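K.L.:
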Amino acid sequence: MKRTSKVIVLTGASRGLGLALAEEFIGRRHTVIGCARSGDVLEELRQRHPKPNSFRQVDVAVESEVRQWAEHVIQQQGPPDLLINNAAVINQKAPLWEILAPEFSRVIDVNVKGVANVIRHFVPAMSKRGQGVIVNFSSGWGRSVDAQMAPYCASKFAIEGLTRALALELPGGLTAVALNPGVVETAMLQSCFGSSASGYEKPGQWAKRAAPFILKLSRSDNGTSLTIPRSRSD
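Anchor point for the sequence shown: position 40 equals 39 in numbering that gives the first Met the number 0, and the numbering is continuous, going up by one each time.
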């Protein structure tokens, strides 16, 4: 019998879109294996959502942490059905030449290398099983650009290319998709839009639409660049 409940690995699960997705997936009776850098929030999630869900403090930019986490997850749960690379950081708004090297590196390390680290340590087990969906979160700024956002734009353009190339490399049964979540009110959006961010959709509302969309992704979507559909009221 085909399993209807999925094991979902989700990075950046402690806030914003990641937290909203974790709550929505669990509410739909799926198992969420989440990671984030925020230990305090993760402990709260463990209390609210006990096993088989799990939440671990991991910096995706540190490969050794990702490797240890992946080994533990695969040993305990097996390969995930759905792997969602959501963790990301954004640069402070400034012209490219004013952004210091450490800040630029951090954006690339988390947003691009972090995604590669997660793929490197989870996808082999998914490939061996012969099924699974990989969703790499992109952005509207991965398909267009804006002033003072060069590092973030560069990282999300990279995710678009990385995902298309990955899709060509995957064996049959696996799927890779670059997904633009749309514009949602998060701390990241507030850093860019200021007070006007409050006029956009809240993460919890967004997740009710995003979760079923993600769960329906299939092999026919492999290599595509998709966007979460907007609500009918938008």
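Don't be surprised by glycine CBs; every beta carbon is placed ideally from N, CA and C. These numbers were taken from a predicted model, which means no experiment stands behind them.
#1: Going by Cα to Cα distance, which pick from Gly139, Val8, Asn84, Ser37 is closest to lysine 112?
#2: Only counting the same chain, and skipping five residues up and downstream in sequence, which positions put a Cβ closer than 6 Å to that of asparagine 110?
#3: When DSSP builds the beta bridges, which residues end up paired with isoleucine 83?
#4: In whole angstroms, what is the alpha-carbon distance linking isoleucine 107 and valine 144?
#5: First and last residue of the alpha helix (DSSP H) that includes leucine 41?
#6: Could you check if aspartate 80 is buried or exposed, using at least 16 other CB atoms within 10 Å of its CB as the buried criterion?
#7: Alanine 60: which of Val114, Leu99, Glu22 sits nearest, CA to CA?
#8: Shortest alpha-carbon distance to arginine 218 belongs to which of Pro211, Gly17, Thr174, Lys127?
#9: Taking just the CA atoms, how far does proline 49 sit from leucine 18?
#10: Mind checking histidine 29: buried by the 16 CB within 10 Å criterion, or exposed?
#11: Report the three-state DSSP secondary structure of arginine 66 (helix, strand or coil).
#12: Please report the residue range of the alpha helix (DSSP H) in which alanine 21 lies.
#13: Just reading off the beta strand (DSSP E) that glutamine 56 is part of, what are its end residues?
#14: Quick check on leucine 214: does DSSP put it in helix, strand or coil?
#15: Am I right that arginine 141 and phenylalanine 121 are in contact with their C-beta atoms under 8 Å? What's the rounded C-beta distance?
#16: In the DSSP assignment, find the unbroken alpha helix (DSSP H) run with glycine 160 in it and report its ends.
#17: Would you call the stretch 38-55 in contact with the stretch 87-103, where contact means no fewer than 3 C-beta pairs closer than 8 Å?
#18: In its own chain, which residues sit with a C-beta less than 8 Å from the C-beta of leucine 16, not counting the 5 before and 5 after it?
#19: Mapping the DSSP letters down to three states, classify asparagine 221 as helix, strand or coil.
#20: Pop quiz: leucine 82 and glycine 131 are said to be a contact at Cβ under 8 Å. What is the actual Cβ separation, rounded to whole angstroms?
#21: Please look up how many angstroms separate the CB atoms of valine 176 and leucine 216, rounded, as I've assumed it's under 8 Å.
P.N.:
In brief:
#1: Position 113 of the sequence shown, counting from 1, holds the residue named residue 112. Asn84 is the residue among Gly139, Val8, Asn84, Ser37 whose C-alpha sits nearest the C-alpha of lysine 112.
#2: Walking along the sequence shown from the start, residue 110 turns up at place 111. Closer than 6 Å at Cβ, skipping near neighbours: Ala87, Ser154.
#3: Mapped onto the sequence shown, residue 83 falls at position 84. The partner list for isoleucine 83 (beta bridge, DSSP) reads Leu9, Val134.
#4: Stepping through the sequence shown from its first residue, residue 107 is reached at position 108. Stepping through the sequence shown from its first residue, residue 144 is reached at position 145. Rounded to the nearest angstrom, the two C-alpha atoms are 16 Å apart.
#5: Walking along the sequence shown from the start, residue 41 turns up at place 42. First-last of the alpha helix (DSSP H) with leucine 41: 38-47.
#6: Residue numbering aside, residue 80 sits at position 81 when the sequence shown is read from its first letter. Result: buried.
#7: Translated into positions along the sequence shown, residue 60 becomes position 61. The shortest Cα separation from alanine 60 among Val114, Leu99, Glu22 belongs to Val114.
#8: The residue given as residue 218 occupies position 219 in the sequence shown. Of the listed residues, the one whose Cα sits closest to arginine 218 is Thr174.
#9: Reading the sequence shown from its first residue, position 19 is the one you call residue 18. Reading the sequence shown from its first residue, position 50 is the one you call residue 49. Their Cα atoms are separated by approximately 15 Å.
#10: Position 30 of the sequence shown, counted from the start, is the residue given in the question as residue 29. That one is buried.
#11: If you number the sequence shown from 1, residue 66 lands on position 67. In the three-state DSSP reduction, arginine 66 falls in the helix class (H, G or I).
#12: Mapped onto the sequence shown, residue 21 falls at position 22. Unbroken alpha helix (DSSP H) run through alanine 21: 15-26.
#13: Counting from one through the sequence shown, the residue named residue 56 turns up at place 57. Where glutamine 56 is concerned, the enclosing beta strand (DSSP E) stretches over 53-56.
#14: Locating residue 214 in the sequence shown gives position 215, where the first residue counts as 1. Helix, per DSSP.
#15: The residue labelled residue 141 in the question sits at position 142 within the sequence shown. The residue labelled residue 121 in the question sits at position 122 within the sequence shown. A quick correction: the sequence has glycine, not arginine, at residue 141. Not confirmed; about 22 Å, so no contact.
#16: Numbered from its first residue, the sequence shown carries residue 160 at position 161. Run containing glycine 160: 149-168, per the alpha helix (DSSP H) assignment.
#17: Not touching, per the Cβ criterion.
#18: If you number the sequence shown from 1, residue 16 lands on position 17. Excluding sequence neighbours, leucine 16 sits near Asn85, Phe136, Pro180, Val183, Thr185, Pro202, Trp205, Ala206, Ala209.
#19: Walking along the sequence shown from the start, residue 221 turns up at place 222. The answer is coil: DSSP assigns asparagine 221 none of H, G, I, E or B.
#20: Mapped onto the sequence shown, residue 82 falls at position 83. Mapped onto the sequence shown, residue 131 falls at position 132. Their Cβ separation, rounded to whole angstroms, is 7 Å, which keeps leucine 82 and glycine 131 in contact under 8 Å.
#21: Counted from its first residue, the sequence shown places residue 176 at position 177. Counted from its first residue, the sequence shown places residue 216 at position 217. 6 Å between Cβ atoms; contact.
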